[in-house]
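Protein chains: 2
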Amino acid sequence: MLEVVIIGSGNVAQHLIQAFNKSNTVKVVQAFSRKRELLFPFLDSSLVINQYNQLITADLYIIAVSDTSIKEVAQKLNIQNKLVVHTSGSSDLSVITPHNRRGVFYPLQTFSLSRNVNFTEIPICIEAENNNDYQLLEQVGFTISDNVKRIDSQQRKSLHVAAVFVCNFVNHMYVVGQEICNENNVDFKLLQPLIQETASKILELSPSEAQTGPAKRNDTTTIASHLRFLTKKNQSLLYKTVTQSIIDYGKKL
Amino acid sequence: MLEVVIIGSGNVAQHLIQAFNKSNTVKVVQAFSRKRELLFPFLDSSLVINQYNQLITADLYIIAVSDTSIKEVAQKLNIQNKLVVHTSGSSDLSVITPHNRRGVFYPLQTFSLSRNVNFTEIPICIEAENNNDYQLLEQVGFTISDNVKRIDSQQRKSLHVAAVFVCNFVNHMYVVGQEICNENNVDFKLLQPLIQETASKILELSPSEAQTGPAKRNDTTTIASHLRFLTKKNQSLLYKTVTQSIIDYGKKL
């Protein structure tokens, strides 16, 4: 049985603990959280500590805290030559102090506390400093996911930036779409089939093949009519910027 | 049996004909296309005309052509006091000549020729000038969809603009995401689970609740690091504009 310690109690930490709880080969033997009670729904309270000097020996320490806290947390771990990884898409491996063996265990997904996720489909991007550690991370990764990939820091960073576009920015388009519906007393739910189809299409077609709409057609009449319709400055600015970008991409093809 | 004539042979026309072909209460009795052969896969060739003077009498004429051609096509129809509708989200009802009864039959979905769609889930937004015509359009709509809504021109226009955000602009974010992956030798497929989850989330959470990412957290360190990473001007401009918009929305909440 591989023994894992989780540091953190946020979205990623909670989802990882729940995923490992279903595994027969990986066991969460301890977790650290300043607010211990946040983890009581997932772990026996005797396993949840809030003092670094209570840390026990394990095969792997997963730091699942906000990007800005990883470095500080890693420094506080009073362990030596252990495998310590973080779960961040954008942080370098070197934010972890070098007196431990360092790695990354980055689940490429958007997590919300209120929503269950199916870990088996989530790509786990791993990085390590030596082959033994790679193999251990692969083993741990495959107990919760079918998709574990070796990804170096530069690639991981590009994935994280791309993820901002295809997840965070996409969601912002939903926010603006809903705002426009609300302003015109239209039920946002009418757009749900379109939203789902837009995402499903990408499983079959490349994004370029799937592109439709007035900007793709360079339909200046409709674009002008939409810009007259949008009265809010932020909506118009987004509309203009993304439309121009679609038109520019079209010229490159 | 309600008899329908379809004018046009593009995406929407082809998908509508295929959907009506499955109905027991609505029959496509004729279709018009300058390129008749485009419709032969879906209709007996004897039913496909390319001369307006061959038009027969029917209960409903559906003009499914590009927005810019609706007016011209409507003028060419040598029929009087018939129910004539277009399928456009952004065109006014008045683009149809007033010597016929006018309406709109707008299926709110993104259509690709190469992809089958399940019409039963597609909202059909209808508009008419009198109650009888509303009822006829509702009847026709419900033969192919479970979701038929009376939507006035202003509401329909807002839906069309919102659809540009949640479909066309969303797809453009996929285009840029793929470009970033390609530039860094990363398989775009790694982002698929994230893309699908981002859309699925919206079925349960409101877009504002679902928003995550560095802009939402106002994480200026990560934002600055992403902007250093992006070397292409169009990518940076999009990143800055959408990030600023997310930050501004956060302040309003």
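Read top to bottom, the protein sequences are chains A and B.
The working numbering numbers the first residue of the first sequence as -16 and each following residue consecutively.
The working numbering numbers the first residue of the second sequence as -16 and each following residue consecutively.
Each residue gets a CB set at the ideal place from its N, CA and C atoms; glycine is no exception.
**Item:** Own chain residues within Cβ distance below 8 Å of His82/B, not counting five before or after
**Value:** For the purposes of this step, residue 82/B is taken as the residue at position 99 of the second sequence. Cβ neighbours of His82/B beyond the five flanking positions: Gln63 and Asn64.
**Prompt:** Looking at the C-beta of Leu174/A, does it have a partner C-beta in chain B at a distance below 7 Å?
**Reply:** For the purposes of this step, residue 174/A is taken as residue 191 along the first sequence, with counting starting at 1. It does: the Cβ of Leu174/A has a partner Cβ on chain B nearer than 7 Å.
**Asked** Taking Cβ to Cβ, would you say Leu66/B is nearer than 7 Å to Arg84/B?
**Response** Mapped onto the second sequence, residue 66/B falls at position 83. Mapped onto the second sequence, residue 84/B falls at position 101. Yes; because the gap between Cβ atoms is below 7 Å, this pair is in contact.
**Prompt:** Would you call the segment 44 to 57 of chain A and the segment 197 to 209 of chain B touching, i.e. three or more CB-CB distances under 8 Å?
**Reply:** The segment 44 to 57 of chain A makes contact with the segment 197 to 209 of chain B, as at least three CB pairs between them are under 8 Å.
**Prompt:** Mind checking if Met156/A is an interface residue toward chain B, Cβ cutoff 7 Å exclusive?
**Reply:** In the first sequence, residue 156/A corresponds to position 173, counting from 1. Answer yes: the Cβ-Cβ gap between Met156/A and chain B drops below 7 Å somewhere.
**Prompt:** Whose Cβ in chain A lies nearer than 9 Å to the Cβ of Gln1/B?
**Reply:** Position 18 of the second sequence, counted from the first residue, corresponds to residue 1/B. Correct list: empty, because the minimum Cβ distance to chain A is about 16 Å.
**Item:** Presumed contact (8 Å Cβ cut-off) between Ser29/B and Leu22/B, rounded CB distance
**Value:** For the purposes of this step, residue 29/B is identified with residue 46 of the second sequence, where counting begins at 1. For the purposes of this step, residue 22/B is identified with residue 39 of the second sequence, where counting begins at 1. Beta-carbon to beta-carbon, Ser29/B and Leu22/B are separated by about 12 Å, too far to satisfy the 8 Å threshold.
**Asked** Is there a Cβ from chain B that is less than 7 Å from the Cβ of Asn151/A?
**Response** Counting from 1 along the first sequence, the entry for residue 151/A is found at position 168. Yes, Asn151/A lies at the interface with chain B (some Cβ there is under 7 Å from its Cβ).
**Message:** Residues of chain A with CB closer than 8 Å to the CB of His209/B, please, in chain order.
**Reply:** In the second sequence, the residue the question calls residue 209/B occupies position 226. What His209/B touches in chain A, judged by beta-carbon distance under 8 Å, is Ser73, His143, Val144 and Val147, going in chain order.
**Item:** 7 Å Cβ cutoff, Ala182/B in contact with chain A
**Value:** Looking up residue 182/B in the second sequence gives position 199. Any Cβ of chain A closer than 7 Å to the Cβ of Ala182/B would place that residue at the interface, and such an atom is present.
**Prompt:** Quick one, are the C-beta atoms of Ala41/A and Val12/A less than 7 Å apart?
**Reply:** Sequence index remark: in the first sequence, residue 41/A carries index 58 (1-based). Sequence index remark: in the first sequence, residue 12/A carries index 29 (1-based). Contact flag set, yes.
**Item:** At least 3 beta-carbon pairs within less than 8 Å: the segment 206 to 217 of chain B vs the segment 168 to 183 of chain A
**Value:** The segment 206 to 217 of chain B vs the segment 168 to 183 of chain A: no contact.
**Message:** Could you check whether the Cβ of Lys140/B sits closer than 7 Å to any Cβ belonging to chain A?
**Reply:** Along the second sequence, read from residue 1 onward, the residue named residue 140/B stands at position 157. Lys140/B counts as touching chain A.
**Asked** What first and last residue would you give for the alpha helix (DSSP H) that runs through Ile46/B?
**Response** Counted from its first residue, the second sequence places residue 46/B at position 63. Secondary structure note for Ile46/B: it is in no alpha helix (DSSP H), and the uninterrupted beta strand (DSSP E) holding it is Leu43 to Ile46.
**Prompt:** In the structure shown, what three-state DSSP assignment does Glu166/A receive?
**Reply:** For the purposes of this step, residue 166/A is identified with residue 183 of the first sequence, where counting begins at 1. Shown here, Glu166/A sits in a helix according to DSSP, grouped into three states.
**Request:** Could you tell me whether any Cβ in chain A is nearer than 7 Å to the Cβ of Ala41/B?
**Result:** Taking the first residue of the second sequence as position 1, residue 41/B is located at position 58. No, Ala41/B lies away from the interface with chain A (no Cβ there is under 7 Å from its Cβ).
**Request:** Could you tell me if Pro24/B is buried or exposed, where buried requires 16 or more neighbouring beta carbons within 10 angstroms of its beta carbon?
**Result:** Taking the first residue of the second sequence as 1, we reach residue 24/B at position 41. Around the CB of Pro24/B, fewer than 16 other CB atoms lie within 10 Å, so the residue is classed as exposed.
**Request:** Could you list the residues in the segment 213 to 235 of chain B with a C-beta less than 7 Å from some C-beta on chain A, going in chain order?
**Result:** Cβ proximity to chain A below 7 Å picks out Leu213, Asn217, Leu220, Leu221, Thr224, Val225, Ser228, Ile229, Asp231 and Tyr232 from the segment 213 to 235 of chain B.
**Message:** Quick check: what's the CA-CA separation for Gln227/A versus Gln118/A?
**Reply:** Residue 227/A sits at position 244 when you count from the first residue of the first sequence. Residue 118/A sits at position 135 when you count from the first residue of the first sequence. Going by the C-alpha atoms only, they are around 46 Å apart.
**Item:** DSSP state of Arg84/B mapped onto helix, strand, coil
**Value:** In the second sequence, residue 84/B corresponds to position 101, counting from 1. Shown here, Arg84/B sits in a strand according to DSSP, grouped into three states.
**Asked** Where Gln122/B and Cys150/A are concerned, what is the direct C-alpha to C-alpha distance, given to the nearest angstrom?
**Response** Along the second sequence, read from residue 1 onward, the residue named residue 122/B stands at position 139. Along the first sequence, read from residue 1 onward, the residue named residue 150/A stands at position 167. So the alpha carbons of these two residues sit roughly 39 Å apart.
**Prompt:** What residues in the segment 43 to 62 of chain B bring their beta carbon closer than 9 Å to a beta carbon of chain A?
**Reply:** Against chain A - using a Cβ distance shorter than 9 Å - the residues of the segment 43 to 62 of chain B are Ser49, Asp50 and Thr51.
**Asked** Taking 7 Å as the CB-CB limit, is Ser191/A close to chain B?
**Response** For the purposes of this step, residue 191/A is taken as the residue at position 208 of the first sequence. Yes, its Cβ sits closer than 7 Å to a Cβ of chain B.
**Prompt:** How big is the Cα-Cα spacing for Lys215/B and Val147/B?
**Reply:** The residue given as residue 215/B occupies position 232 in the second sequence. The residue given as residue 147/B occupies position 164 in the second sequence. Distance between the alpha carbons of Lys215/B and Val147/B: 24 Å.
**Message:** Just to confirm before moving on: does the CB-CB distance between Gly72/A and Arg139/A stay below 7 Å?
**Reply:** As a working mapping, residue 72/A is identified with position 89 in the first sequence. As a working mapping, residue 139/A is identified with position 156 in the first sequence. Going by C-beta atoms, Gly72/A is nearer than 7 Å to Arg139/A.
**Request:** Please confirm whether His43/B and Val(-13)/B have their CB atoms less than 7 Å apart.
**Result:** Against the second sequence, residue 43/B aligns to sequence position 60. Against the second sequence, residue -13/B aligns to sequence position 4. Residue identity differs from the one stated: residue 43/B is Leu in this sequence, not His. Yes. Within cutoff.
**Message:** Along the chain, where does the beta strand (DSSP E) containing Phe15/A start, and where does it finish?
**Reply:** Here residue 15/A is taken as the residue at index 32 of the first sequence, counted from 1. Boundaries of the beta strand (DSSP E) around Phe15/A: Val9 to Phe15.
**Prompt:** Should Val31/A be flagged as near chain B, meaning a C-beta pair shorter than 7 Å?
**Reply:** For the purposes of this step, residue 31/A is taken as the residue at position 48 of the first sequence. Proximity of Val31/A to chain B, defined by a Cβ-Cβ separation below 7 Å, is not satisfied.
**Item:** Any C-beta of chain B under 7 Å from that of Gly196/A
**Value:** Here the question's residue 196/A lines up with position 213 in the first sequence. Look at Gly196/A: its C-beta is under 7 Å from a C-beta on chain B.
**Asked** For Ile127/B, does the three-state DSSP call read helix, strand or coil?
**Response** Start at 1 with the first residue of the second sequence, and residue 127/B comes out as number 144. For Ile127/B, the three-state secondary structure derived from DSSP is helix.
**Item:** Asn154/B burial status per 10 Å Cβ neighbour count (16 or more: buried)
**Value:** Your numbering for residue 154/B matches position 171 in the second sequence. Buried.
**Prompt:** If you check the beta carbons only, do Leu76/A and Glu110/A fall under 7 Å apart?
**Reply:** Taking the first residue of the first sequence as 1, we reach residue 76/A at position 93. Taking the first residue of the first sequence as 1, we reach residue 110/A at position 127. Result yes, Cβ atoms of Leu76/A and Glu110/A sit closer than 7 Å.
**Request:** Output, in chain order, the set of chain B residues within a Cβ distance shorter than 8 Å of Pro106/A.
**Result:** Indexing the first sequence from 1 puts residue 106/A at position 123. Under the 8 Å cutoff, chain B gives Leu173 and Pro176.
**Asked** With DSSP run on the structure shown, which of helix, strand or coil describes Val68/A?
**Response** Your numbering for residue 68/A matches position 85 in the first sequence. In the three-state scheme derived from DSSP, where H, G and I count as helix and E and B as strand, Val68/A is classed as strand.
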